Amino acid sequence: MVHEDGLDMPKIVLYNPQEKRKIRTPTLPLSLLFIGSSLEKEGYDVKIIDARVEDNPHKMVLDTLDNDTICFCISCMTGSPILDALKIAKIVKEKRDIPIIWGGFHPSLLPEQTIKNPYVDAVVKGAGEKTTIKLVKSIESGKFRRGIHSGDAEINFSRLDYGLVDIEILGLLTICQVEDVL
Ligand code: B12
C-alpha cells in the first residue's frame, strides 16, 4: 500500500495458526479481522494469513515479509495451534528480526508462561484493537517494550472451561513444552 506522500505504509502481518486436524467448515478469523480492521483504519498495510485454510501458509508468510514489515502478530488458542504458531514465529525471526506480538485466548490465559518463550516479544492480555495500535506505534518510535501488555478489556472467561483444568493433565501442548519440539 502506498501512502499519499508516495511512501510505502508500514506493513503488519497477522497470522492465524494451523490446527493439527483439518477444519471441515472454515470460519472467518474474527479475532484477526478485528485487530486488522483497527490497524487498517490507522493507515497500516495489513495482511492476514489464515493457516487453517491455506495450502502452504509458511511460504505465504515468507513471501509477504519485506522491508516494510514492522511486526508479526499471532492469534492463538490453547492446543495444537501453539505448535504451528511457534514454528512460524521461529521462521519469521530467522528471516527478519521484527517484534512478534501474541494475543488471543491462550496468551491471555497464560501470559507469564507465554512470554518466557524467545519467539514471543509481547503478549496482549485481553481485547487487542487499541492496544495493538499502541504497540505498533511504539515499534515505529523505537519505544517498544518486551513483555505482557494489558489489553483494551478483559476477555470474558465465564465459559472458558479449559482455563479451569490442569492442561498438563489433559495432555495439551503448552508453549514451554513445544519449545523442546522445535
Ligand atoms: C465464536 C466462537 C467460535 C466459532 C468461531 C467463529 C469464527 N468465525 O471465528 C466456532 C464455533 C467455529 C468456534 C470453534 C472453535 N472454538 Co471457539 N469460541 C467462540 C467464542 C464464543 C467467541 C470467539 C470470538 O470470535 N470472539 C470475537 C473475537 C473478535 O474476539 P477474540 O477472539 O476474543 O479476539 C480478541 C482478543 O482475544 C484479542 N486477540 C485475539 N487474537 C489476537 C492476536 C493479537 C496479536 C492481539 C494483539 C490480540 C488478539 O483481540 C481480539 C479483539 O478484541 C469463544 C468464547 C468467548 N467467550 O469469546 C470460543 C472459544 C474461543 N473457542 C474455543 C475453542 C476451544 C474452539 C475450538 C477449538 C472448539 C473445537 N473443539 O473445535 C474451535 C477452534 C476453531 C478455530 N481454530 O478457529 C475456546 C478457546 C479456549 C482456549 N483456551 O484457547 C473458547 C474460549 C470457548 C471456551 N470457553 O472454551 N469457536
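For what it's worth, our numbering labels the leading residue of the sequence shown as 73, then goes sequentially. For every residue, glycine included, the Cβ atom is placed at its ideal position computed from N, Cα and C. Source: prediction; values computed, not measured.
Going by the beta-carbon positions, is the gap between residue i and residue j smaller than 9 angstroms?
i: residue 107; j: residue 145; result: yes
i: residue 95; j: residue 116; result: no
i: residue 221; j: residue 195; result: yes
i: residue 104; j: residue 127; result: no
i: residue 212; j: residue 142; result: yes
i: residue 160; j: residue 125; result: no
i: residue 203; j: residue 169; result: no
i: residue 86; j: residue 120; result: yes
i: residue 183; j: residue 216; result: no
Cβ of residue i within 8 angstroms of any heavy atom in ligand 1?
i: residue 186; result: no
i: residue 161; result: no
i: residue 224; result: yes
i: residue 220; result: no
i: residue 105; result: yes
i: residue 190; result: no
i: residue 126; result: no
i: residue 115; result: no
i: residue 132; result: no
i: residue 141; result: no
i: residue 216; result: no
i: residue 204; result: yes
i: residue 153; result: yes
i: residue 91; result: yes
i: residue 120; result: no
i: residue 112; result: no
Using DSSP with H/G/I as helix, E/B as strand and the rest coil, what is residue i?
i: residue 81; result: coil
i: residue 163; result: helix
i: residue 225; result: coil
i: residue 141; result: strand
i: residue 196; result: strand
i: residue 182; result: coil
i: residue 146; result: strand
i: residue 119; result: strand
i: residue 232; result: With a pLDDT of 47 at residue 232, under the threshold of 50, the predicted position of this residue should be treated as unreliable, and no value is reported.
i: residue 170; result: coil
i: residue 243; result: Note that residue 243 scores 41 on pLDDT, short of 50, meaning its location in the model is unreliable; the coordinates nonetheless yield the value given after this. It is coil, neither helix nor strand.
i: residue 87; result: strand
i: residue 175; result: strand
i: residue 187; result: helix
i: residue 95; result: coil
i: residue 219; result: strand
Throw me the rounded Cβ distance for the residue i and residue j pair, which I believe falls under 8 angstroms.
i: residue 164; j: residue 137; result: 7 angstroms
i: residue 111; j: residue 187; result: Actually they are not in contact, since the Cβ atoms of residue 111 and residue 187 sit about 22 angstroms apart, beyond 8 angstroms.
i: residue 200; j: residue 175; result: 5 angstroms
i: residue 210; j: residue 197; result: No, residue 210 and residue 197 are not in contact; Cβ-Cβ is about 16 angstroms, not under 8 angstroms.
i: residue 135; j: residue 82; result: Not a contact, Cβ separation roughly 18 angstroms.
Measuring only from the beta carbon, is residue i closer than 8 angstroms to any heavy atom that is part of ligand 3?
i: residue 157; result: With respect to ligand 3, the structure shown offers nothing to examine, as its ligands consist of ligand 1.
Stretch-stretch touch, CB-based, cutoff 8 angstroms, three pairs: the segment 151-159 with the segment 90-104 | yes
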